[in-house]
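The number in the numbering used here is simply the position in the sequence shown, starting from 1, with 253 added. The structure appears below as structure tokens.
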Amino acid sequence: MAVHLRRGDVVAANGSLREGPQDDIRLWYYEVARRIRIMLPDAGVHVFSSTAGNYASNDLNSYRLRNITVHLDGDILDSWADMAQARVLVIAKSSFSQAPAILNPHCVIYQPYSNMPLEGWIEAAREWGRDASRPAPFRMPS
């Protein structure tokens with residue numbers, strides 16, 4: 254499972270780093286990983302992100318503590334290749350992950366935003382991070 258976590262360029266309107274929304278985002282990604290691991294218990298989870306000079310690697314230690322492999326500031330083509338081939342790809346609200354998602358023939362889970370999804374992509378439920386009792390509204394492809 255590959256996950257694009259948009260962080261490096263995410264700032265508030267006043268130019269400061271967004272603290273509160275990042276906590277909500279983090280909870281949402283934890284819940285997505287948990288739900289997919291229920292369906293694919295042996296799946297490795299890999300997060301691809303960037304510090305962009307705004308964050309430190311240890312800011313993502315909470316992902317590592319959940320047995321999520323973190324890839325930071327890597328070669329763009331390597332990240333895209335991994336995401337395009339992942340059995341499950343969770344994309345951020347970002348054109349960066351849109352490119353490998355278009356190439357991914359498997360399961361793509363997207364967060365609604367201005368770029369339109371392709372047919373067959375699965376819209377992620379916004380409330381997953383808040384209500385862990387709700388079942389995932391999709392089935393994994395075989």
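Every residue gets a Cβ at the ideal spot worked out from N, C-alpha and C, and that includes glycine.
Worksheet item: Can you tell me whether DSSP reads Ala-339 as helix, strand or coil?
Response: coil
Worksheet item: Which residues share a DSSP beta bridge with Glu-376?
Response: Tyr-363
Worksheet item: Which residues in the same chain as Gly-297 place their Cβ atom closer than 6 Å to its Cβ, once the five residues preceding and following it in sequence are excluded?
Response: none
Discussion item. Would the region 332-341 count as touching the region 355-370 if we require 3 or more Cβ pairs under 8 Å?
Written reply: yes
Discussion item. Taking the alpha-carbon of Glu-284 as reference, which of Leu-330, Asn-311, Tyr-316 and Thr-304 has the nearest alpha-carbon?
Written reply: Tyr-316
Discussion item. Can you tell me which residues form a DSSP beta bridge with Thr-322?
Written reply: His-299
Worksheet item: When the Cα atoms are used, what is the spatial distance from His-324 to Ser-367?
Response: 26 Å
Worksheet item: With distances taken between CB atoms, is the gap from Arg-287 to Ala-345 smaller than 7 Å?
Response: no
Worksheet item: For Ala-255, does the count of other Cβ atoms within 10 angstroms reach 16, so buried, or fall short, so exposed?
Response: buried
Item to complete: For Met-292, count neighbouring Cβ atoms within 10 angstroms of its own Cβ and tell me buried if that reaches 16, exposed if not.
Response: exposed
Worksheet item: With distances taken between CB atoms, is the gap from Pro-353 to Ala-337 smaller than 7 Å?
Response: yes
Discussion item. Less than 7 Å between the beta carbons of Ser-348 and Phe-301, yes or no?
Written reply: no
Discussion item. Quick check on the burial criterion: 16 or more other C-beta atoms within 10 angstroms. Buried or exposed for Ser-350?
Written reply: buried
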